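Enquirer:
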Amino acid sequence: MSSKGSVCEACVVVLGVVVVVWMTCLIGCVQVMETNTRSETAVNAKTESDISLWIDEKQVKQFFSGFPLKIYAILDGNVLPYVLDPNFDKYLPILPFEVQSVNLTWRSGDHNTYAYDFDQLVSYNHQILSQPILSIDSKGKVPKRPKVFQVFIPCVGNVSGIAAFTIGLRIINSETNQNLVGTPLRLKLQKQCADRTPDPECDKKCGNGKCNQNKICECPTGFLGKFCESALCYPQCMNGGTCVAPGVCSCAQGFQGFYCEGGICGEKCLNGGKCIQKDMCWCRRGYYGPRCEYSKCVIPCLNGSRCVGVNRCRCRRGFIGSQCESISDDKTDRTSNSKPTVKKKPRKKFV
Numbered sequence: 000m001s002s003k004g005s006v007c008e009a010c011v012v013v014l015g016v017v018v019v020v021w022m023t024c025l026i027g028c029v030q031v032m033e034t035n036t037r038s039e040t041a042v043n044a045k046t047e048s049d050i051s052l053w054i055d056e057k058q059v060k061q062f063f064s065g066f067p068l069k070i071y072a073i074l075d076g077n078v079l080p081y082v083l084d085p086n087f088d089k090y091l092p093i094l095p096f097e098v099q100s101v102n103l104t105w106r107s108g109d110h111n112t113y114a115y116d117f118d119q120l121v122s123y124n125h126q127i128l129s130q131p132i133l134s135i136d137s138k139g140k141v142p143k144r145p146k147v148f149q150v151f152i153p154c155v156g157n158v159s160g161i162a163a164f165t166i167g168l169r170i171i172n173s174e175t176n177q178n179l180v181g182t183p184l185r186l187k188l189q190k191q192c193a194d195r196t197p198d199p200e201c202d203k204k205c206g207n208g209k210c211n212q213n214k215i216c217e218c219p220t221g222f223l224g225k226f227c228e229s230a231l232c233y234p235q236c237m238n239g240g241t242c243v244a245p246g247v248c249s250c251a252q253g254f255q256g257f258y259c260e261g262g263i264c265g266e267k268c269l270n271g272g273k274c275i276q277k278d279m280c281w282c283r284r285g286y287y288g289p290r291c292e293y294s295k296c297v298i299p300c301l302n303g304s305r306c307v308g309v310n311r312c313r314c315r316r317g318f319i320g321s322q323c324e325s326i327s328d329d330k331t332d333r334t335s336n337s338k339p340t341v342k343k344k345p346r347k348k349f350v
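So the sequence shown is numbered by numbering that gives the first Met the number 0: it starts at 0 and just counts up by one.
1) From the DSSP output, which residues share a beta bridge with residue 102?
2) Does the distance from the C-beta atom of residue 201 to that of residue 192 stay below 8 Å?
3) With a threshold of 8 Å between beta-carbons, can residue 109 be considered close to chain C, or not?
4) Our contact map puts residue 351 next to residue 285 with C-beta atoms below 8 Å; I'd like the distance itself, whole angstroms only.
5) Could you give the distance in angstroms between the alpha-carbon of residue 240 and the alpha-carbon of residue 246?
6) Could you check what DSSP says for residue 222 in three-state terms: helix, strand or coil?
7) Does residue 81 come out as helix, strand or coil in the three-state DSSP assignment?
8) Do residue 188 and residue 94 have their CB atoms nearer than 8 Å?
9) So, do the region 130 to 142 and the region 76 to 85 have three or more beta carbon pairs nearer to each other than 8 Å?
10) Looking at the secondary structure, which residues open and close the beta strand (DSSP E) in which residue 118 lies?
11) In the DSSP assignment, what residue or residues form a beta bridge with residue 238?
12) Below 7 Å CB to CB, which residues in the same chain sit around residue 327 once its five sequence neighbours on both sides are set aside?
13) Any contact of the region 253 to 271 with the region 222 to 237, i.e. 3+ C-beta pairs under 8 Å?
14) Does the distance from the CB of residue 208 to the CB of residue 227 come in under 8 Å?
15) Got a sec? Which residues, its chain only, sit under 7 Å from residue 244 by beta carbon, not counting five neighbours each side?
16) Quick one: grab the DSSP three-state call for residue 217.
17) Can you tell me whether residue 175 is buried or exposed? The criterion is at least 16 other CB atoms within 10 Å of its CB, across all chains shown.
18) Alpha carbon to alpha carbon, how far is residue 225 from residue 153?
19) Grab the span of the alpha helix (DSSP H) containing residue 201 for me, first residue to last.
20) So what does DSSP say about residue 254, is it helix, strand or coil?
21) Helix, strand or coil, according to DSSP, for residue 27 in the structure here?
Structural data, given as structure tokens:
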């Protein structure tokens with residue numbers, strides 16, 4: 000599968016921003032994508048008016064295939080919709096062992112002052128994963144100008160397993176003492192920790208990676224696990240699909256798409272309808288029904304015309320009438336109940 004799938008799509012808040020990077024790499028772009036330095040400067044000039052939070056393009060480029068992207072969780076005072084999706088965490092992949100920290104950038108802008116409070120930094124399995132650690136105080140003021148901080152997600156040691164953790168962030172307008180709309184943000188994630196002790200049989204077990212001189216299996220991008228045995232797909236394969244290679248899903252019967260997000264309709268959608276989910280058609284205007292088989296025009300439209308609304312036909316060029324049944328002299332009149340064209344009389348010239 001190409002790394003340019005549908006954007007679908009998916010993505011961030013605090014450490015969640017890094018997860019959106021996975022989406023950006025595999026889908027192509029996630030909400031805000033800037034690939035030119037000059038255009039980026041212009042965008043920043045327009046958005047200096049209010050608070051923004053993003054992961055910069057340098058880290059995205061470092062981690063993911065060299066794409067110079069900037070990805071926002073908050074832009075100009077607005078928490079982006081995909082962050083607020085209640086099902087957002089269900090679509091997120093397990094963060095691989097190699098992701099130890101994330102650099103984030105934020106600023107409050109020139110017109111408002113904001114305080115912040117990281118009120119949740121919780122690991123739910125302390126035997127595998129320590130609590131997330133900030134490079135800044137957990138409470139304070141958001142800087143006026145862009146400033147970088149880090150979130151660390153440290154594994155305890157040479158213990159293999161997957162641990163869940165939560166990061167929570169409140170942003171408060173200092174003048175109104177009200178939370179920024181969309182906050183507090185809550186993001187539940189999972190992090191993989193791996194036993195990285197040397198293994199004498201590394202050469203035999205390291206299937207998708209490469210053993211280094213210390214007999215430790217090093218995984219290429221897109222694979223995780225002590226022996227690189229698991230592939231990473233983001234967004235996760237949906238509807239019972241299985242990730243069989245980095246970014247490649249094998250779909251269950253009845254589904255299709257890069258991430259198995261689309262269905263296959265057992266019976267063809269009619270009248271220009273499109274299959275959007277398993278046995279579910281999206282109908283063009285003027286048609287309805289499970290297969291778009293019903294027309295909203297009680298009397299059928301004639302002469303190759305099509306129904307575009309309740310008893311409203313769109314006629315082919317050269318036809319008029321409520322059902323496009325008559326030949327038209329004025330070939331510009333194409334809609335059955337449109338107003339007749341009135342030709343303007345030429346003005347008289349006075350000498």
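Ideal Cβ positions, reconstructed from N, Cα and C, are used throughout, including at glycine.
Just so you know, these numbers come straight off a predicted model, no measurement behind them.
Expert: From the atom records:
1) 149
2) Going by C-beta atoms, residue 201 is not nearer than 8 Å to residue 192.
3) In summary, chain C is missing from the structure at hand, where a single protein chain is found.
4) The requested residue 351 does not occur in the structure, where the chain is confined to residues 0 to 350.
5) As the crow flies, the alpha-carbon of residue 240 is around 12 Å from that of residue 246.
6) strand
7) Residue 81: helix per DSSP, three-state reduction.
8) yes
9) no
10) 113 to 122
11) Answer is none; residue 238 lacks a bridge partner.
12) 317, 318 and 319
13) yes
14) yes
15) 230
16) Look at residue 217 here: in three-state DSSP terms it is strand.
17) exposed
18) If you draw a straight line from the Cα of residue 225 to the Cα of residue 153, it comes to about 16 Å.
19) 201 to 204
20) strand
21) Low local confidence applies: a pLDDT of 34 at residue 27 is under 50, so the model's placement there is unreliable, and no value is given.
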